[in-house]
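Trainee: Here it is, the structure, as structure tokens.
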Amino acid sequence: MNKLTNVLIIEQEPLISYSIEEALRNISVQNDLFCNMTSVYDYKSALNELNSSKHYNLVFLSIDSDNSFNKQSSLTNQVFSLLEKSLKNIQLMILIHECDNFLIHNLFKTLNPESILLKRDMKFKDLTTAIDRVIQNIPFYSTTILKHLRIRMSCNISLDKSDQLILYYLSKGVRMKDMSKMVFLSHSAIESRKRKLKQLFNAERQQDSFLFEKAREHGFI
Numbered sequence: 106m107n108k109l110t111n112v113l114i115i116e117q118e119p120l121i122s123y124s125i126e127e128a129l130r131n132i133s134v135q136n137d138l139f140c141n142m143t144s145v146y147d148y149k150s151a152l153n154e155l156n157s158s159k160h161y162n163l164v165f166l167s168i169d170s171d172n173s174f175n176k177q178s179s180l181t182n183q184v185f186s187l188l189e190k191s192l193k194n195i196q197l198m199i200l201i202h203e204c205d206n207f208l209i210h211n212l213f214k215t216l217n218p219e220s221i222l223l224k225r226d227m228k229f230k231d232l233t234t235a236i237d238r239v240i241q242n243i244p245f246y247s248t249t250i251l252k253h254l255r256i257r258m259s260c261n262i263s264l265d266k267s268d269q270l271i272l273y274y275l276s277k278g279v280r281m282k283d284m285s286k287m288v289f290l291s292h293s294a295i296e297s298r299k300r301k302l303k304q305l306f307n308a309e310r311q312q313d314s315f316l317f318e319k320a321r322e323h324g325f326i
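The numbering used here puts the first residue of the sequence shown at 106, with every later residue one more than the last.
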């Protein structure tokens, strides 16, 4: 290959960041590929790098599902926005802490990354394989991520964005009265949608936990 590749690693955990760097070094030696690596440990530093004059070819983005779709997390939203605008020019590999179906679905719809890796599934060999394939323009996803995709593709239930958000926030313990500002609907509209969701998932007269279980089985949360 023998081409310059600027790599940005946005990872809060130093050990994982180091593993990514080591995997890149191994691949660089095997493929005669020069990698100029920059590692940052928070989204503020990531924003500075993404706004710099340096053109990044490959970006690793670590995501915490508790903050990723929080409207108050402006730094997260800014990083997502910059990456969305740059998708034609970069290859994006995302690392997530847990298998959050709502997060995974939204990542595919918004960022459509070349790779999503679940950290608990990830061994060094898997990481190296994933990077090597992405550099060759071959997508790579963790086994658990592929399982999620199969479940969603086989599901014949269709939900709009508001319904998905309501399900997600309810499952996270957000109170109904606090949800209006998050989904931009009135309290009565949210209550109505919740009743329809219970009907859709055959969860009428059941506790909310039963609704969440059914939604999880179909890959929505």
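Ideal Cβ placement from N, Cα and C applies to all residues, glycine included. Since we're looking at a predicted model, the values are computed, not measured.
Give me the residue from N111, L163 and I271 with the minimum Cα distance to K235.
Mentor: Against the sequence shown, residue 235 aligns to sequence position 130. The displayed chain sequence assigns Ala, not Lys, to residue 235. Restricting attention to N111, L163 and I271, the CA atom closest to the CA of A235 is found in L163.
Trainee: Are the beta-carbon atoms of F165 and I115 separated by less than 8 Å?
Mentor: The sequence position of residue 165 within the sequence shown is 60, counting from 1. The sequence position of residue 115 within the sequence shown is 10, counting from 1. Yes. Within cutoff.
Trainee: Leaving aside the five residues before and after H253 along the sequence, list all residues of the same chain whose C-beta is less than 6 Å from its C-beta, in chain order.
Mentor: Position 148 of the sequence shown, counting from 1, holds the residue named residue 253. Closer than 6 Å at Cβ, skipping near neighbours: N206, I209 and G324.
Trainee: Tell me, please, which residues DSSP counts as bridged to V164.
Mentor: Counting from 1 along the sequence shown, the entry for residue 164 is found at position 59. Looking at the DSSP assignment, V164 forms a beta bridge with L113 and L197.
Trainee: What are the complete alpha helix (DSSP H) segments, minimum 4 residues, inside the segment 213-244?
Mentor: 229-240
Trainee: With respect to the alpha helix (DSSP H) encompassing R310, which residues constitute its N-terminal and C-terminal limits?
Mentor: Working through the sequence shown from its first residue, we reach residue 310 at position 205. Segment: none, R310 is in no alpha helix (DSSP H) and carries neither H nor E.
Trainee: Mind checking whether Y274 and M287 have CB atoms under 8 Å apart?
Mentor: If you number the sequence shown from 1, residue 274 lands on position 169. If you number the sequence shown from 1, residue 287 lands on position 182. Closer than 8 Å, so yes.
Trainee: Per the contact definition of three or more C-beta pairs closer than 8 Å, is the segment 231-249 in contact with the segment 118-128?
Mentor: yes
Trainee: So the alpha helix (DSSP H) R257 belongs to, where does it begin and stop?
Mentor: Indexing the sequence shown from 1 puts residue 257 at position 152. T248 to S259 is the span of the alpha helix (DSSP H), which, as asked, contains R257.
Trainee: Rounded to whole angstroms, how far is the Cβ of T181 from the Cβ of L223, which I believe are closer than 8 Å?
Mentor: On the sequence shown, position 76 is the one that residue 181 refers to. On the sequence shown, position 118 is the one that residue 223 refers to. A Cβ-Cβ distance of about 19 Å is found for the pair T181 and L223, leaving them out of contact under the 8 Å criterion.
Trainee: For V145, list the residues DSSP reports as bridge partners.
Mentor: In the sequence shown, residue 145 corresponds to position 40, counting from 1. Note: V145 sits in a beta bridge opposite I115.
Trainee: Assign L200 to one of two classes, buried (16 or more other C-beta atoms within 10 Å of its C-beta) or exposed (fewer than that).
Mentor: Locating residue 200 in the sequence shown gives position 95, counting from the first residue. Counting C-beta atoms within 10 angstroms of its own C-beta, L200 has 16 or more neighbours from the protein chains shown and is therefore classed as buried.
Trainee: Using beta-carbon positions only, say whether L155 and L187 come within less than 8 Å of one another.
Mentor: For this step, residue 155 is matched to residue 50 along the sequence shown. For this step, residue 187 is matched to residue 82 along the sequence shown. Contact flag set, yes.
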